[in-house]
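Under this note's numbering, the sequence shown has 87 at position 100, and the numbering climbs by one with no breaks. Cβ coordinates follow ideal geometry from the N, Cα and C atoms, glycine included. Nothing here was measured: the structure is a model prediction, and the numbers come from that model. Let me begin by presenting the structure, written as structure tokens, before commenting on it.
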Amino acid sequence: VPPTTGLPVIRATETVTPTTAPSATPQNTPTTAGSAELPLEVCSPLAGYALPELAGIVVNPYHPPRLGSDDPHQGVDLAEVDPVNGIALIGMPVQALLAGKVVGQAADRFPYGNMVMIETPLDGAIAASNLALIVPTPLPERLPPGALTCPDLNVSPPAAGAPRSLYVLYGHMQNLPTVSLGDPVSCGQELGTIGDSGNALNPHLHVEVRVGPPG
-12 VPPTTGLPVI
-2 RATETVTPTT
8 APSATPQNTP
18 TTAGSAELPL
28 EVCSPLAGYA
38 LPELAGIVVN
48 PYHPPRLGSD
58 DPHQGVDLAE
68 VDPVNGIALI
78 GMPVQALLAG
88 KVVGQAADRF
98 PYGNMVMIET
108 PLDGAIAASN
118 LALIVPTPLP
128 ERLPPGALTC
138 PDLNVSPPAA
148 GAPRSLYVLY
158 GHMQNLPTVS
168 LGDPVSCGQE
178 LGTIGDSGNA
188 LNPHLHVEVR
198 VGPPG
């Protein structure tokens, strides 16, 4: 997962002195003259952070799972830690990485707790913006029965050139997400607040990104 996954975490307003004032209202990136494509919206509520600080909010990085298992860690855990007492802060706003549509949510369900999933078409505005995404080629090996804790949907990988979508999951939120299934989501829109629901020992935001067929 690229470093931009740090975007959903934001500091409390009174503690931030940004060089560029962060805004929940996304700003379009400039496009070349004559382009007929819509630009990809890129928003950053962390405009006041220095790059070394961004690395400090990653409390548990992505650990690629071994073949036939969904352990140890399929996403990135992000948290703001109080420098005085070393305790992860709860209730910090969670903001959407990209614009899209709500396609999944859960209420305090293991392991993600209160979570929301947003779909963004991968081959539309993202492709037009020349954003490079490295998508691994699916392995041909068949997994042994019962190896994964997720349900077996018997879904084949999309064919080459088929439409794809980017799915971003935000987990362990404090309460139910503020959006509902089917709702459109804008870049930077607040989705809820950081919590410790589900399989979480301390407050943090679990961000998980996957590529799959649309819908």
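Report the rounded CA-to-CA distance for residue i versus residue j, giving the unit in angstroms.
{"i": "residue 60", "j": "residue 49", "result": "6 angstroms"}
{"i": "residue 201", "j": "residue 110", "result": "10 angstroms"}
{"i": "residue 72", "j": "residue 66", "result": "14 angstroms"}
{"i": "residue 179", "j": "residue 85", "result": "15 angstroms"}
{"i": "residue 148", "j": "residue 52", "result": "26 angstroms"}
{"i": "residue 150", "j": "residue 192", "result": "29 angstroms"}
{"i": "residue 37", "j": "residue 43", "result": "10 angstroms"}
{"i": "residue 62", "j": "residue 156", "result": "9 angstroms"}
{"i": "residue 58", "j": "residue 194", "result": "15 angstroms"}
{"i": "residue 70", "j": "residue 168", "result": "37 angstroms"}
{"i": "residue 41", "j": "residue 166", "result": "27 angstroms"}
{"i": "residue 68", "j": "residue 174", "result": "25 angstroms"}
{"i": "residue 39", "j": "residue 33", "result": "12 angstroms"}
Do residue i and residue j have their C-beta atoms within less than 7 angstroms of each other?
{"i": "residue 87", "j": "residue 172", "result": "yes"}
{"i": "residue 64", "j": "residue 81", "result": "no"}
{"i": "residue 97", "j": "residue 186", "result": "yes"}
Can you find the residues in the same chain that come closer than 6 angstroms, C-beta to C-beta, to residue i, ignoring five residues on each side of it along the sequence?
{"i": "residue 90", "result": "104, 106"}
{"i": "residue 184", "result": "95, 100, 101, 159"}
{"i": "residue 164", "result": "92, 103, 178, 179"}
{"i": "residue 176", "result": "83"}
Among residues of its own chain, excluding the 5 on either side of residue i, which ones have a beta-carbon nearer than 8 angstroms to its beta-carbon?
{"i": "residue 170", "result": "88, 89"}
{"i": "residue 182", "result": "77, 78, 100, 101, 159, 160, 161, 162, 190"}
In its own chain, which residues sit with a C-beta less than 7 angstroms from the C-beta of residue i, not counting the 5 before and 5 after it?
{"i": "residue 198", "result": "109, 122, 151, 153"}
So that I know if they touch, is there some Cβ in chain C lying closer than 7 angstroms to that of residue i?
{"i": "residue 66", "result": "Protein chain content of the structure displayed is limited to a single chain, and chain C is not contained in it."}
Open item on the list: Taking contact to mean 3 or more Cβ pairs, one atom from each stretch, closer than 8 angstroms, check whether the region 159 to 175 and the region 68 to 76 are in contact.
Closed with: no
Open item on the list: Report the start-end ranges of each alpha helix (DSSP H) in the region 29 to 78 that is 4 residues or longer and not cut off at the edges.
Closed with: 38 to 43
- [ ] Jot down the residue ranges of each uninterrupted alpha helix (DSSP H) in the region 80 to 115, minimum 4 residues, whole runs only, in chain order.
- [x] 112 to 115
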